[in-house]
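Peer 1: To convert a position in the sequence shown, counted from 1, into our numbering, add 6.
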Amino acid sequence: MIIRARTVVTMDGAPIENGAVAVSKNQIADVGKFDEIRARNAGEIVDLGEQALLPGLINAHCHLDYTCLRGKIPPQKSFADWIRAINTEKANLSPKDYLASIDDGFAEAKRFGTTTIANLTAFPELIPKISAPIRTWWFAELIDVRAPDRAGEIVELAIESLKSAHNWGLTPHALFTASKKLYRRCEEIARRNDILLTTHLAESQEEMEMFHDASGPLYEFLKSTGRPMNDCGSKTPLARFLDLIGRGGSPNRPRAIEVNRPYLPWIVAHLNELIESDFDSLERSETRFHVVHSPRSHDYFKHSRFPFEKLRALGFNICLGTDSLASNENLSLFAEMRAFQKEFPGVPPEEVLQMVTVNPARALRQENALGRIRRGCRADLISIPCSGTDDVFAEIIAFEEAVDWILLNGKEKRNTPHAAKLSK
Ligand SMILES: [Zn+2]
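In structure tokens, the structure reads:
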């Protein structure tokens, strides 16, 4: 099959005017000017017309479990209050509700042109019952705050369910809900099975207060649940995390000057709360990890400014995610890109689009398979209307509708106009 469009945005070089992509089975076989592609390849021609053809989008951090909580929790006074509020909502949900919620979330993500998702679930036992309509990395979200002596058992149980998934990883939830033992166990398994890990880190001011000062609403809330609080009152969340994963390093180590440092298997969500000493540690660190920013969830919580420029300058791979609908209004990565632009108007639109294509592909270790239109990559493509303005990247980010045409693993899918209106 040959797919022609007004502009092919490959994310692998300049956009191609009057471009085309040849697809063979589930792979991209060729990409270039329409005339050249037609001369070199046989097959049916699909002319998309006045459209931009681009790689399917990748959501680097989401919890489809909570799709059904859209609009249910208004912003709270504190982060601890929000945790209480979501726990109250969760108490009313059954496994059947979660299955419906996850299915609805998948359908919505796809309507918005997402073809790959890193999805965290607190219910890995449901995974075998779900047939994911888009490429999914399933991360089991693990919490042992009420049973720290059962860390090993909790991990093993989750892995049993995860095995039915094609791509999976582990998520010790956060420093305040997962023990050192749980983090260490997940690291061991990542080394042994070559899987990815993700966690929530340094998200709120209250998390900083809890670990650094042993005070504040989150500290008080967790103390009241019986959590041992002896890890609080000295280090920042980031310093604590680097210690837990054995990457704290020596403070006397000279600052590394090389730029290309190897990446750990960690995809870290948030990192809003970092202080000067944290940036010093990151500068000295011999390794890097991937970072996910969720602009609209960040706005909802009114977190401190995300230190995008500093993290980028230190060579971190920065991706965007929607987080869950318990703190966001829909699963559109286009809306996420627009929210990011509002926060950081100086960042070029092309770089913003990289944060939902090539960057998350790299975080998922799929840089040669996903996130760009290149020979040999998976045929995951989307198309959106394009009027031929000067900046096709700006036009893509401004797109507010549902995506009508999707090619997923080489198979053409159309979202109906009805579906397009469903989730505004
Ligand atoms: Zn999250």
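Every residue, glycine too, gets a C-beta built ideally from N, C-alpha and C.
Which one of 139, 43 and 287 has the shortest CA to CA distance from residue 242?
Peer 2: The shortest Cα separation from residue 242 among 139, 43 and 287 belongs to 287.
Peer 1: Take residue 344 and list the residues in its own chain whose beta-carbon comes closer than 7 Å to its own, dropping the five residues that flank it on each side.
Peer 2: 403
Peer 1: When you compare only the Cα positions, how much space is there between residue 295 and residue 253?
Peer 2: 11 Å
Peer 1: Pick out whichever of 123, 316, 234 and 196 has its Cα sitting closest to the Cα of residue 377.
Peer 2: 123
Peer 1: Taking 8 Å as the cut-off, is the CB of residue 329 close to at least one heavy atom of ligand 1?
Peer 2: yes
Peer 1: Any chance the segment 349-367 sits against the segment 61-80, with 3 or more Cβ pairs inside 8 Å?
Peer 2: yes
Peer 1: Can you list, in chain order, the residues of its chain with a C-beta nearer than 7 Å to that of residue 150? Leave out the 5 residues immediately preceding and following it.
Peer 2: 156, 157, 160, 184, 185 and 188
Peer 1: Give every residue of the same chain whose Cβ lies closer than 8 Å to the Cβ of residue 310, excluding the five residues on either side of it in the sequence, and list them in chain order.
Peer 2: Cβ within range, chain order: 211, 278 and 279.
Peer 1: By the DSSP assignment, the alpha helix (DSSP H) with residue 103 in it spans what residues?
Peer 2: 101-117 is the extent of the alpha helix (DSSP H) around residue 103.
Peer 1: Is it true that the CB of residue 326 sits closer than 9 Å to the CB of residue 143?
Peer 2: no
Peer 1: Rounded to whole angstroms, what is the Cα-Cα separation between residue 331 and residue 340?
Peer 2: Answer to the nearest angstrom: the Cα atoms are 15 Å apart.
Peer 1: I need the DSSP call for residue 263, collapsed to helix, strand or coil.
Peer 2: Any reading at residue 263 needs caution, since the residue's pLDDT is 46, under 50, leaving its predicted position unreliable; the model's value is listed next. Coil.
Peer 1: Tell me whether residue 275, by its Cβ, gets closer than 8 Å to a heavy atom of ligand 1.
Peer 2: yes
Peer 1: Leaving out five residues before and five after residue 20 in sequence, what residues of the same chain have Cβ atoms less than 8 Å from its Cβ?
Peer 2: none
Peer 1: Residues in the same chain with beta-carbon distance under 7 Å from residue 267, minus the five sequence neighbours each way, listed in chain order, please.
Peer 2: So the qualifying residues of the chain are 292, 293, 294 and 321.
Peer 1: Within this structure, are the beta carbons of residue 390 and residue 409 separated by less than 9 Å?
Peer 2: yes
Peer 1: Which runs of the beta strand (DSSP E), 3 residues or longer, sit entirely within the segment 259-320?
Peer 2: 269-276 and 294-299
Peer 1: Beta-carbon within less than 6 Å of residue 50's beta-carbon, same chain only, minus the 5 sequence neighbours each way: which residues are those?
Peer 2: 7
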